[in-house]
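Residue numbering for the sequence shown follows the working numbering, starting at 18 and increasing by one per position. Each residue gets a CB set at the ideal place from its N, CA and C atoms; glycine is no exception. Written below as structure tokens is the structure these notes are about.
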Amino acid sequence: MQIQLNYADWNNKVVRSGELYDILHSRNIPMIIMEPVKGGTLANMAPEFEKMFKDARPDKSVASWALRFVASLPGVVTILSGMSNWEQMQDNIDTFKNFEPLTDDDKKVVDAVVTKMLGMQLVPCTSCRYCTDGCPMGILIPDIFRALNTLRQFPNDNRPHFFYNGLLGRSGRAADCIACGQCEGVCPQHLEIIELLKEASAVLD
Ligand code: SF4
Ligand code: SF4
């Protein structure tokens, strides 16, 4: 059976990676895993998270931790990981050619990252862009969420405002949302996009 699983979504109440894993594993059903790197967000992390991984294993990429987490789970037979370039492919090959299951110390590092990550409450948009084509107002939702996330982390940063203003040449404003709900119907992360756009509008429009 194919399920969505990664360390960040293990206890996520919507994605339910951990719960699904336990159900399948207890029935001895082999698993194919999608979203092991959560749409790339577990490969491009905030500097403080990257530092936590690099302090523990300086020679390993941040993405390798996500793949090792999934591949260390008994019952996982295939991992589907999208790669955008040659370097990412080489890194993934390196991870599996010299595969090392997570040690107990490694698991503590992952737990510490997840705890800190959840505390930051960023919008967990993976930029899959399934929501954008059907938006009648032409709002580039994931790009606006990127700006919103940066502002949540760094409220005094001007760059998200510059980024947003530049985006408006090809995107509707967050304030243009008419709450039709199309985007929320297709979002695989089940995000409350309409409410999040209101928040984005309050700080960016
Ligand atoms: S709810 Fe808002 S953002 Fe979503 S598709 Fe409709 S207009 Fe676009
Ligand atoms: S569908 Fe959801 S996760 Fe994908 S880009 Fe849109 S808001 Fe982000």
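Report task. Return the residue from the list M48, F113 and I49 that minimises the CA-CA distance to A80. Result -> Along the sequence shown, read from residue 1 onward, the residue named residue 80 stands at position 63. Measuring from the Cα of A80, the nearest candidate turns out to be F113.
Query - Boundaries (first-last residue) of the alpha helix (DSSP H) holding Q199 - result: Locating residue 199 in the sequence shown gives position 182, where the first residue counts as 1. Here the alpha helix (DSSP H) through Q199 covers Q199 to V203.
Requested in this report: Consult DSSP for T143 and reduce its assignment to one of helix, strand or coil.
Outcome: Start at 1 with the first residue of the sequence shown, and residue 143 comes out as number 126. Coil, per DSSP.
Query raised in the report: Assuming I203 and C152 make a contact with CB atoms under 8 angstroms, what is their CB distance in whole Å?
Result: As a working note, residue 203 is residue 186 in the sequence shown. As a working note, residue 152 is residue 135 in the sequence shown. The displayed chain sequence assigns Val, not Ile, to residue 203. Their Cβ separation, rounded to whole angstroms, is 10 angstroms, which puts V203 and C152 out of contact at 8 angstroms.
**Report entry** L184 versus V220: straight-line alpha-carbon distance, rounded
**Finding:** Counting from 1 along the sequence shown, the entry for residue 184 is found at position 167. Counting from 1 along the sequence shown, the entry for residue 220 is found at position 203. Approximately 15 angstroms, taken between the alpha carbons.
Query raised in the report: CB L165 to CB L213, shorter than 8 angstroms?
Result: Position 148 of the sequence shown, counted from the first residue, corresponds to residue 165. Position 196 of the sequence shown, counted from the first residue, corresponds to residue 213. It is a contact, given that the beta carbons lie within the stated cut-off.
Requested in this report: Decide yes or no for the touch test of the segment 82-96 against the segment 47-67: beta carbon pairs closer than 8 angstroms, at least 3 of them.
Outcome: yes
**Report entry** Which of helix, strand or coil DSSP assigns to Q138
**Finding:** Taking the sequence shown and counting its residues from 1, the one referred to as residue 138 is at position 121. The answer is coil: DSSP assigns Q138 none of H, G, I, E or B.
Query raised in the report: On the three-state DSSP scale, how would you describe I49?
Result: For the purposes of this step, residue 49 is identified with residue 32 of the sequence shown, where counting begins at 1. Three-state DSSP puts I49 in a strand.
Query - Euclidean distance between Cα positions of A217 and P64 - result: Within the sequence shown, numbered from 1, the residue matching residue 217 stands at position 200. Within the sequence shown, numbered from 1, the residue matching residue 64 stands at position 47. Answer to the nearest angstrom: the Cα atoms are 23 angstroms apart.
Query raised in the report: Taking just the CA atoms, how far does A83 sit from I211?
Result: Residue mapping note: residue 211 aligns to position 194 of the sequence shown, counting from 1. Residue mapping note: residue 83 aligns to position 66 of the sequence shown, counting from 1. Cα to Cα, the separation comes out at about 30 angstroms.
Query raised in the report: Which residues bound the beta strand (DSSP E) around Q19?
Result: Along the sequence shown, one-based indexing puts residue 19 at 2. Element bounds for Q19: Q19 to Q21.
Query raised in the report: Relative to the C-alpha of M137, which residue among I156, I158, T167 and M154 is closest?
Result: As a working mapping, residue 137 is identified with position 120 in the sequence shown. Checking every option, the nearest Cα to that of M137 belongs to T167.
Query raised in the report: K55 and N23 look like a contact to me (Cβ under 8 angstroms); what is the Cβ gap, rounded to whole Å?
Result: Along the sequence shown, one-based indexing puts residue 55 at 38. Along the sequence shown, one-based indexing puts residue 23 at 6. That belief holds up - the Cβ atoms of K55 and N23 are roughly 5 angstroms apart, short of 8 angstroms.
Query raised in the report: What number of angstroms, rounded off, separates the C-alpha of R33 from the C-alpha of K71?
Result: Residue numbering aside, residue 33 sits at position 16 when the sequence shown is read from its first letter. Residue numbering aside, residue 71 sits at position 54 when the sequence shown is read from its first letter. Whole-angstrom Cα-Cα distance: 28 angstroms.
Requested in this report: State the start and end residues of the unbroken alpha helix (DSSP H) segment that holds V220.
Outcome: Position 203 of the sequence shown, counting from 1, holds the residue named residue 220. First-last of the alpha helix (DSSP H) with V220: I210 to L221.
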